[in-house]
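Quick note, in my numbering, the sequence shown goes up one by one and the last residue is 320.
Glycine residues also receive a C-beta, built at the ideal position from the N, C-alpha and C atoms.
A quick note: this is a predicted structure, and the numbers were derived from the prediction, not measured.
Report on one structure; see the data block that follows.
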Amino acid sequence: MEECILCGGNSERDNDFVTCETCGKYFKNSDANASLEKLAPYKRINLIQQIIAFNAERITPTYVPGTAYKLHYDRSIHPDTLFYIGLDSPRINQPILHSEKPLALLRMFCEKMKDQGPFDVLKRTNREFYSVAIDPEKEANEWLMLLIERGWLAGEYKKGATDFVFGDITISALGWEVYEREFGSIQSRDVFIAMDFNLPDRQNIQEAIKRACAANKFEAQTIDEHQSTGSIPDEMLAKIHHSRFMVAEFTNQNRGVYFEAGYAMGRKIPVIWTVKKEEMANIHFDINHFNHITWGTLAELEEKLKNRIAAVILA
Ligand SMILES: [Zn+2]
Numbered sequence: 006m007e008e009c010i011l012c013g014g015n016s017e018r019d020n021d022f023v024t025c026e027t028c029g030k031y032f033k034n035s036d037a038n039a040s041l042e043k044l045a046p047y048k049r050i051n052l053i054q055q056i057i058a059f060n061a062e063r064i065t066p067t068y069v070p071g072t073a074y075k076l077h078y079d080r081s082i083h084p085d086t087l088f089y090i091g092l093d094s095p096r097i098n099q100p101i102l103h104s105e106k107p108l109a110l111l112r113m114f115c116e117k118m119k120d121q122g123p124f125d126v127l128k129r130t131n132r133e134f135y136s137v138a139i140d141p142e143k144e145a146n147e148w149l150m151l152l153i154e155r156g157w158l159a160g161e162y163k164k165g166a167t168d169f170v171f172g173d174i175t176i177s178a179l180g181w182e183v184y185e186r187e188f189g190s191i192q193s194r195d196v197f198i199a200m201d202f203n204l205p206d207r208q209n210i211q212e213a214i215k216r217a218c219a220a221n222k223f224e225a226q227t228i229d230e231h232q233s234t235g236s237i238p239d240e241m242l243a244k245i246h247h248s249r250f251m252v253a254e255f256t257n258q259n260r261g262v263y264f265e266a267g268y269a270m271g272r273k274i275p276v277i278w279t280v281k282k283e284e285m286a287n288i289h290f291d292i293n294h295f296n297h298i299t300w301g302t303l304a305e306l307e308e309k310l311k312n313r314i315a316a317v318i319l320a
């Protein structure tokens, strides 16, 4: 057991590989130690938030000096997909937008409580605060107080000698209303399939995706199956907005698929990326760091997708 260089919490270290109770799993290249120790506070928060997000996608980030930013698929080195991230890369240096924190925090709490009573008491962990770029020691209480003042959370608090003291906190009815209006229904069982309709094997690919979703009790649709008199783009955006997640199939590099996946990400709808093995090299570099499911046969697509949905969406 030793102190995590990032959060100061309990961690186990095996050479360069760190498993921290709060941050999760990451590699800390020894060349990067000096830079990690004098990392500016906001970069440290970016980094921990990034580790949590990567781990959720089954990726273990590796921190190195410089500006590298690349995926490494060599599973002989490590069973997870690795991602090399330079400590001087833009991903670590991006400013944190404080104005986004109230909604991000509400969203995180609502999604955490989705399988419990809507007004059950919220238990809070440091990891959860880091997942929305909030330092649990330095700012979490201020944001909690703001959410209570807005009426999104219900609970008592008082200002103690050095910090705020909170009683039990729950999500309020207004909080749920705001969340569902902003982020669509968490109970949705709909899945949006984005893919090139001109693929020669399109029908079979679509059926494989549908079976993988159905195995996890989701109903997947492409837009052309969704009958309506409305114009396709508006209807398509609404459909994406109300989906629990999207499966974006990039085989054939259709520009519409890039657009739809970008829209879903902007709306914070999870995207599962799939592409035929031989086309992985053609994937645009803006998205090639996402953990794509690469497939050869339809059976392989169905099996990997089924497992990814269970691991990432239902986890
Ligand atoms: Zn840590």
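Pocket of ligand 1 defined by Cβ to heavy atom distance under 6 Å: Cys9, Leu11, Cys12, Gly14, Ser16, Cys25, Thr27 and Cys28
Where the beta strand (DSSP E) through Ala220 begins and ends: Looking at the DSSP string, Ala220 is not in any beta strand (DSSP E), and its letter there is neither H nor E.
DSSP beta-bridge partners of Ala159: Thr175
Between the CA atoms of Met113 and Gly160 - distance to the nearest angstrom: 17 Å
Euclidean distance between Cα positions of Pro347 and Arg155: The displayed coordinates of the chain run from 6 to 320. Any statement about residue 347 would go beyond what the structure contains.
Close beta carbons around Met118, own chain, < 8 Å, minus the five adjacent residues each side: Asp125, Leu127 and Ile176
Extent of the continuous alpha helix (DSSP H) run through Ala269: Arg260 to Gly271
Candidates Asp93, Lys106 and Lys48, of which the one nearest Leu11 by Cα: Lys48
3 or more residues per run - each beta strand (DSSP E) lying fully within the region 31-109: 64-69, 74-77 and 86-91
Meets three-Cβ-pair contact criterion under 8 Å: the region 244-252 and the region 190-199: yes
Stretch-stretch touch, CB-based, cutoff 8 Å, three pairs: the region 133-140 with the region 177-185: no
The region 62-76 / the region 99-113 touching (three or more Cβ pairs under 8 Å): no
Beta-carbon proximity of Trp278 to Asn259, cut-off 9 Å: no
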